[in-house]
Each structure stands twice: as C-alpha cells, then as structure tokens.
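Sequential numbering from 825 applies to the sequence shown in my numbering.
Here the structure comes first, spelled out in structure tokens, and everything after it is commentary.
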Amino acid sequence: MDQLELFDIPNPCIGVCQSNNRGYCLGCLRSRDERFNWHQKPAAERAHILKLLSQRRARLNGKAKKEQDLPEQGESLDLF
Numbered sequence: 825m826d827q828l829e830l831f832d833i834p835n836p837c838i839g840v841c842q843s844n845n846r847g848y849c850l851g852c853l854r855s856r857d858e859r860f861n862w863h864q865k866p867a868a869e870r871a872h873i874l875k876l877l878s879q880r881r882a883r884l885n886g887k888a889k890k891e892q893d894l895p896e897q898g899e900s901l902d903l904f
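Next comes the structure, spelled out in structure tokens:
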C-alpha cells in the first residue's frame, strides 16, 4: 500500500539549467527524464529521485574533496 504523503515533495530545481557532458543538470543533478514532468510523477518516484540526487551530490562532494587534497603538480608532499 502506498504511503500517504502529507507534504508535497518540492522540486529540486535551483534555476541553473545547464547539462553536463553526461546529461545531468549542473544545478539539481537530475537527468532529463527525471526533470521532465516532475509535478505529474507519483510521489514515490519523486522521493526516489531525491534520494538519488543526495547520492550524486555526496559522490560529487567526495570527488571534489579528493581533488582538493591532492598536491598540485610540482608541489612536494610535506612528510613531517
């Protein structure tokens, strides 16, 4: 049985509507299919998309942190 949603699931769009080379929006990280007809999608599907977005954001943040922690080319590592 589907759970009754007490609150509307908000649209994650932040108004930065540009796609990266993989087809994901740079602003909200949704694919074209996930963006298309957001308000007509069932609440369960929208909730699932939001979960995917949080996973994508975590991967991006982890990747950015890893790149930030790497020494720049020509920079020596501080061993002591």
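Backbone N, C-alpha and C fix where the C-beta goes; we use that ideal spot for every residue, glycine too.
DSSP lists S843 as the bridge partner or partners of C849. Short of 8 Å from the beta carbon of I838, and not among the five residues preceding or following it, lie these beta carbons of its own chain, in chain order: G851 and C852. For the pair R846 and F831, the Cα-to-Cα distance works out to about 32 Å.
Here the alpha carbons of R856 and Y848 stand approximately 7 Å from one another. Excluding five sequence positions before and after V840, the CB atoms of its chain that fall closer than 6 Å to its own CB belong to L850 and G851, given in chain order. Boundaries of the alpha helix (DSSP H) around D857: R856 to R859.
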